[in-house]
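Written below as C-alpha cells is the structure these notes are about.
Residue numbers (UniProt numbering): 1 to 102.
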C-alpha cells in the first residue's frame, strides 16, 4: 500500500496528514517532505497519523532523523492521532518518551 501525504498550514504549524503504510518503500517520500519542511520553515511540524495503518523501523528512523533536524532548528515534531497498533510500536521502542504524542 502507498503512503499519501497532504500538507496544510494551521495556527500551530505545518500539518502533514498521512494515509497508508509507512514502510521501507514509502519512507523515502516522507523523509524528503519532512526534511524539506524543516529546512524551509520555522514552524513546528504536526504529523496527523489518523490514517496510518502500519509503521516499520524504517518509518521510525525517518521520524527520529526529522526530530534531530528539527531540534537543531529549535522547532518540534508533534505526532497526532496514532492508532493503537502504531502507538504500540512507539511504546515498545521507547520513542513515546522522545516524541510529543497527542
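The beta carbon of each residue, even a glycine, is placed where N, CA and C say it ideally should be.
- Per DSSP, reduced to three states, the secondary structure at residue 42 is coil, with no helix or strand assignment.
- For residue 24, there is no enclosing beta strand (DSSP E), as DSSP marks it with neither H nor E.
- By the neighbour-count criterion, in which a residue is buried when 16 or more other Cβ atoms sit within 10 angstroms of its Cβ, residue 55 is buried.
- Beta-bridge annotation (DSSP): residue 54 is paired with 21.
- Contact between residue 30 and residue 3 holds, with the beta-carbon distance rounding to 6 Å and staying under 8 Å.
- Beta bridge pairing from DSSP links residue 61 with no other residue.
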